[in-house]
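Colleague:
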Amino acid sequence: MAANGVSSTRMARWLVSGPPLLYLLVFFAAPALIMVLASFRTPGEFGGLTPLVDEAGRLDLNTESYVRLFTESVYVQVFVKSAWYALLTTLACLALAYPLATLIAKSPKKHRDLLLLLVILPFWSNFLIRIYAWMIILGPNAALARMVNGVLAWFGAGPVPLLFSAFAVLTCLVYVHLPFMVLPLYANLEKHDQALLDAAQDLGANAWHRFWRVTFPLSLPGVYAGSALVFIPALGIFAIPDILGGPDDTLIGNLIKQQFLETRDWPFGSVLSIMLTVAALLLAGIAALVGRRGAAGAARA
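The sequence shown begins at 10 in the numbering used here and counts up one residue at a time.
#1: Taking C-beta to C-beta, are Leu171 and Ala154 nearer than 9 Å?
#2: Indicate the three-state DSSP secondary structure (helix, strand or coil) for Glu199 in the structure shown.
#3: Cα separation between Thr259 and Leu126?
#4: Who does Pro52 pair with in a DSSP beta bridge?
#5: Round the Cβ separation of Ala106 and Glu199 to the nearest angstrom and send it over; I've been treating them as touching at under 8 Å.
#6: Once the 5 residues before and after Val62 are set aside, which same chain residues still bring their CB inside 8 Å of it?
#7: Note the first and the last residue of the continuous alpha helix (DSSP H) segment covering Ala111.
#8: Beta-carbon within less than 8 Å of Asp207's beta-carbon, same chain only, minus the 5 sequence neighbours each way: which residues are those?
#9: With DSSP run on the structure shown, which of helix, strand or coil describes Arg68?
#10: Report the option in Ala214, Pro193, Ala216 and Ala243 whose CA atom is closest to the CA atom of Tyr184.
#11: Determine contact between the stretch 212–227 and the stretch 264–271, defined as no fewer than three beta-carbon pairs at a distance below 8 Å.
#12: Determine, using beta carbons only, whether Arg301 and Pro52 come nearer to each other than 9 Å.
#13: From the DSSP output, in three-state form, read off Asp274 for me.
#14: Quick one: any contact between the stretch 164–180 and the stretch 143–151, if contact means 3 or more CB pairs under 8 Å?
#15: Tell me whether Phe189 is buried or exposed, calling it buried when 16 or more other Cβ atoms sit within 10 Å of its Cβ.
#16: Between Gln210 and the ligand PLP, is there a pair consisting of the residue's CB and a ligand heavy atom that are separated by less than 8 Å?
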């Protein structure tokens with residue numbers, strides 16, 4: 010009977026964990042291995058890859074694409090620029106999302122569902138449609154551009170283009186990723202015990218000290234989770250710079266797309282993709298580690 014119970018438990022575990030594991034193996038592990046293998050290959054004359062075994066029967070494997078990445082500084086600069094854009098996006102989202110998440114968490118329960126619905130409402134429309142909408146908002150004939158250039162003209166400065174600029178890219182990046190910062194922060198702030206703030210107030214702490222000594226340290230797990238959810242996708246995004254950015258706003262996602270679809274240098278595109286994936290995994294691991302330590306520290310406090 011005991012053996013039957015153990016086998017039933019194992020079967021139940023495999024039925025639950027088997028499909029997700031198979032999905033990850035087929036759609037993540039296998040493509041990742043193909044990408045790693047392709048990164049050591051030679052690009053074909055008209056794109057793609059040369060045969061794995063040449064006419065002499067030797068394996069056509071080399072590290073030329075890796076050498077190119079680390080010896081040509083332009084690609085490192087693109088990586089740094091992408092990280093800078095992602096960092097600015099994360100900081101802007103944090104500055105905007107924290108007050109909004111606090112407002113939702115402190116709102117009456119009958120209003121919270123509506124406020125959360127408004128936060129996730131942009132997800133109901135297509136991603137590309139939302140980006141193209143910003144082309145209208147930031148266009149040269151739009152009300153926003155006229156107002157900004159009117160103010161600049163009043164100060165004696167010349168007009169500036171809002172569209173096809175770094176400003177347009179950062180604005181849309183913040184717009185797209187803002188809900189990913191609001192939701193983790195709200196989930197954290199909603200669980201805070203009001204008695205802690207009342208005790209701090211009874212001990213003489215003003216609103217500023219109560220925030221920095223009680224609320225913010227307790228919300229750090231939400232800050233770390235939201236920062237990871239914003240920084241990692243913003244690091245590799247390509248659609249927004251491709252549509253709204255100018256010639257100087259090429260990010261690593263755009264470069265990877267160019268290597269596969271335009272230059273057709275699949276090995277070098279694979280190298281860039283692998284480096285981006287490794288960076289994303291490292292950042293996710295660091296965020297998880299820091300988040301656990303922050304939660305443990307807040308619990309001890």
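Cβ atoms here follow ideal geometry from the backbone N, Cα and C, with glycine treated the same way.
Modeller: On the basis of the supplied data:
#1: Leu171 places its beta carbon less than 9 Å from that of Ala154.
#2: Three-state DSSP puts Glu199 in coil, outside helix and strand.
#3: Approximately 34 Å, taken between the alpha carbons.
#4: Paired residue(s): Leu58.
#5: Approximately 14 Å separates the beta-carbon atoms of Ala106 and Glu199; this is outside 8 Å, ruling out the contact.
#6: Within the same chain, and ignoring the five residues on either side of Val62 in sequence, the residues whose Cβ sits closer than 8 Å to its Cβ are Leu68 and Asp69.
#7: Looking at the sequence itself, residue 111 is Thr, so the reference to Ala does not match. Thr111 -> alpha helix (DSSP H) spans Ser82 to Lys115.
#8: Correct list: empty, nothing qualifies.
#9: What sits at residue 68 in the sequence shown is Leu, not Arg. Strand, per DSSP.
#10: Of the residues Ala214, Pro193, Ala216 and Ala243, the one whose Cα lies closest to the Cα of Tyr184 is Ala243.
#11: At 8 Å Cβ cutoff, the stretches do not touch.
#12: Between Arg301 and Pro52, the C-beta gap is not smaller than 9 Å, which leaves the two residues out of contact.
#13: DSSP places Asp274 in coil when its eight states are reduced to three.
#14: Judged by Cβ distances under 8 Å, the stretch 164–180 makes contact with the stretch 143–151, as three or more pairs qualify.
#15: Buried: at least 16 other Cβ atoms inside 10 Å.
#16: The ligand content of the structure shown is nil, which means the ligand PLP is not present either.
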